[in-house]
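For reference, the structure discussed in these notes is given below.
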Amino acid sequence: MRNIHFGAVYHMPWLEYRHAMPDGRVCLRLKTAKGDFSRVIVRVTSNYDYPQFFQIAQDHEMSIAYQDEWHDFYELIFEPRDLRLKYLFVLQSDELTFKLDAAGLHAGADAYEDISEAFAFAYAYPTEPMPEWARGCVGYQIFPDRFCKEGNDSDGIEPWTSDRVQNEFRFGGNIRGIIKAVPYLKDLGVKMVYTTPLFVSDSSHRYNTFDYFKIDPLLGREEDLKELCDELHKNDMRIVMDGVFNHAGTSFEPFVDAKQKGKDSEYYDWFFFDNTEECGYQTFGHWPYMPKLNLENEGCAQYFLEVGNYWMRKCHIDGWRLDVSPEVWPDFWRQYRKMMKKENPDSLMIAECWDDSREWVTQGDMFDSTMHYVLSRNIWNRFCFHKISTEKFDHAINRALMLYPKRTQDVLWTFLGSHDTARVRTRAGGDIRMLHAASFFQFTHPGTPIIYYGDELGMEGGDDPYCRFPMRWDQVENNLTHRHYQKLATIRQAVPALRVGSYKTHAVFENGLYAYIRKEGEQQVLCLINTSLEPIRQRVMMPKGMGGVAVVHDLYSDRSIAVEDGTILASLKVGEGLILI
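One point on numbering: in the numbering used here, the residue at position 179 of the sequence shown is 476, and numbering is uninterrupted.
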């Protein structure tokens with residue numbers, strides 16, 4: 298008889314464990330200790346099936362969607378016959394049967410369960426669909442001063458290929474440079490551009506904004522931004538801008554007024570003046586040049602709602618990535634979402650959150666999705682630092698997938714680096730092979746892969762400011778890493794299973810080979826990747842539905858691989874992977 302860990306059995310009728318989907322189906326999840334149960338069933342009835350209730354219930358079998366070292370995560374996605382649900386779980390372990398309902402875990406299960414003790418989904422309203430363009434698309438992050446320069450040779454501009462970089466340096470990248478680079482982005486396979494702040498500031502990063510209604514003259518004019526948006530849209534690309542509403546810059550006029558006039562200023566309560574702070578006010582982090590904003594104040598909130606609406610209305614931007622999201626008054630984000638979706642129902646609202654973001658994205662009243670730093674750290678730990686085994690990596694990936702509903706998974710921003718982190722190649726000790734391996738995983742994993750400008754050329758750079766060197770346009774031609782990214786983007790765009798399909802671990806090997814399945818409808822793709830620093834030759838069992846064929850085709854190398862006795866021989870150099878279909 299199995300040793301059952303009853304304390305590990307868990308379901309919460311909320312958030313990622315119970316939610317409706319945009320197409321009207323319902324997703325239910327359950328966590329148990331790994332291997333404790335041989336079968337799990339969800340018993341579903343209607344709250345209005347009086348008087349029979351569970352005597353006429355429907356039983357749906359759950360399957361294990363994700364696993365880590367300790368847990369099995371069961372999932373069921375089904376179409377209910379009535380949107381007013383009552384449900385419970387029936388768990389079988391060898392000859393023993395248990396029931397989990399809202400009152401707890403019980404021995405036995407029959408058709409006469411108490412309806413009042415069942416879990417309730419009062420009304421499974423279909424959730425708002427994600428913007429279709431954003432689901433699984435390829436994104437590209439641009440740091441405007443460092444990406445591309447067009448006709449900007451004013452005084453104080455550093456040489457573009459300088460080997461020195463500091464945040465106060467200006468290299469002259471501008472909006473017209475981005476416009477010039479649109480054909481490059483299109484050829485790379487980019488479908489969405491994300492720019493860091495464009496507004497007036499005295500820093501190159503512009504996260505200390507002085508004027509939210511004016512483009513920094515060093516970057517261009519409002520007309521240039523409008524032209525950029527139009528040009529991207531004409532080329533089937535979208536644009537998401539960076540909104541910095543947690544804090545402003547010290548030359549932001551309301552802050553200047555409040556600091557000069559004190560409590561006599563109409564803007565005094567837009568900020569957190571605090572004598573316990575050395576500078577006299579609360580800031581972002583510990584940087585006095587970025588005073589924190591009080592978005593609980595109605596006047597302050599209305600100002601920034603108008604900022605967001607202005608740029609959507611005037612230039613037709615497609616979304617906002619919102620800085621330091623967890624530190625902002627939550628009700629402001631609810632108002633901001635209403636403003637965005639009213640102005641453009643197809644717009645995208647992304648949180649900058651470095652941790653578990655369920656509070657901000659799962660309930661559907663704030664953000665569509667988040668920057669997926671949880672995934673990034675796991676990728677770095679395996680591909681760059683080799684701090685964790687392939688098995689530990691797989692466990693971490695499965696836990697990260699369990700955090701969010703499927704609709705959120707499709708638009709999670711997955712990235713290997715950003716303006717706030719060291720570049721991925723530098724994290725990997727300069728090993729271009731590990732950059733290739735990490736990006737292969739990024740592009741074959743659920744979500745929206747975001748390329749940090751220059752990573753597709755193999756650029757290096759440590760933590761801020763060294764991750765912000767100008768784009769090396771002289772290294773584009775005949776660049777093997779560029780071709781690698783271009784190929785991954787092309788394959789992803791052509792294969793729905795890679796863009797929006799489900800994810801399931803297939804096999805994990807001690808030698809570093811990692812295999813996983815992406816599936817959408819009838820399309821199934823098996824991905825294999827060498828996560829190690831040594832070449833690998835390994836026999837791999839093909840998944841159900843792929844083992845009966847004579848050959849499979851690798852989309853990455855465009856070659857066929859023989860299937861023998863339901864297996865293939867995977868022969869992979871360091872940094873290589875297979876996309877088998």
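We treat Cβ as the ideally placed atom computed from N, Cα and C, and that holds for glycine.
Under the three-state DSSP convention, the category residue i falls into
| i | result |
| --- | --- |
| Arg815 | strand |
| Gly546 | coil |
| Ile361 | strand |
| Tyr633 | helix |
| Glu624 | helix |
| Lys558 | helix |
| Gln739 | helix |
| Arg299 | coil |
| Lys784 | helix |
| Phe440 | coil |
| Ser451 | coil |
| Val462 | coil |
| Gly863 | coil |
| Asn678 | helix |
| Thr745 | strand |
| Asn827 | strand |
| Ile614 | coil |
| Trp770 | helix |
| Leu877 | strand |
Within-7 angstroms CB hit, residue i to chain E
| i | result |
| --- | --- |
| Pro585 | Note that chain E does not occur in the displayed structure, where there is just one protein chain. |
Distance, residue j Cα to residue i Cα
| i | j | result |
| --- | --- | --- |
| Asn775 | Ser644 | 36 angstroms |
| Ile826 | Gly809 | 8 angstroms |
| Asp862 | Arg720 | 43 angstroms |
| Ser654 | Thr667 | 7 angstroms |
| Ser360 | Trp311 | 19 angstroms |
| Cys539 | Tyr491 | Position check: residue 539 holds Asp in this sequence, whereas Cys was assumed. Those two C-alpha atoms are separated by around 7 angstroms. |
| Leu385 | Val837 | 38 angstroms |
| Ile748 | Tyr437 | 5 angstroms |
| Trp457 | Ala794 | 40 angstroms |
| Gly470 | Tyr509 | 20 angstroms |
| Phe690 | Asp620 | 28 angstroms |
| Arg631 | Ile858 | 51 angstroms |
| Arg796 | Arg432 | 7 angstroms |
| Phe351 | Tyr578 | 60 angstroms |
| Val604 | Lys784 | 38 angstroms |
| Pro348 | Ala330 | 35 angstroms |
| Lys611 | Thr864 | 57 angstroms |
Contact check, residue i vs residue j, beta carbons under 7 angstroms
| i | j | result |
| --- | --- | --- |
| Ile476 | Leu525 | yes |
| Thr828 | Tyr853 | no |
| Asn543 | Phe569 | no |
| Gly486 | Val435 | yes |
| Asp442 | Ser501 | yes |
| Val792 | Thr745 | no |
| Pro423 | Ala317 | yes |
| Val339 | His368 | no |
| Gly546 | Phe507 | yes |
| Ser673 | Phe712 | yes |
| Asp379 | Ser343 | yes |
| Thr741 | Cys681 | no |
| Phe552 | Pro588 | yes |
| Ser622 | Glu649 | yes |
| Ala362 | Glu372 | yes |
| Phe444 | Glu455 | no |
| Ile301 | Asp346 | no |
| Arg704 | Asp615 | no |
| Arg679 | Asp365 | no |
Local Cβ density within 10 Å of residue i, reported as buried at 16 or more and exposed below that
| i | result |
| --- | --- |
| Asn572 | exposed |
| Trp584 | exposed |
| Phe370 | buried |
| Trp677 | buried |
| His669 | buried |
| Asp665 | buried |
| Lys558 | exposed |
| Glu313 | buried |
| Met309 | exposed |
| Val849 | buried |
| Ala693 | buried |
| Tyr420 | exposed |
Cβ-heavy atom distance, residue i to the ligand MN, below 6 angstroms
| i | result |
| --- | --- |
| Arg340 | Of ligands this structure carries none, so the ligand MN is not represented either. |
Inset, instruction - Would you check if there are 3 or more beta carbon pairs closer than 8 angstroms linking the segment 588-598 to the segment 517-536? - result: no
Legend entry - the segment 776-788 / the segment 757-764 touching (three or more Cβ pairs under 8 angstroms): no
Legend entry - the segment 866-876 contacting the segment 729-742, beta-carbon criterion three pairs below 8 angstroms: yes
Legend entry - Three or more C-beta pairs below 8 angstroms linking the segment 797-806 and the segment 776-783: no
Legend entry - Any 3 or more C-beta pairs closer than 8 angstroms across the segment 628-645 and the segment 395-407: no
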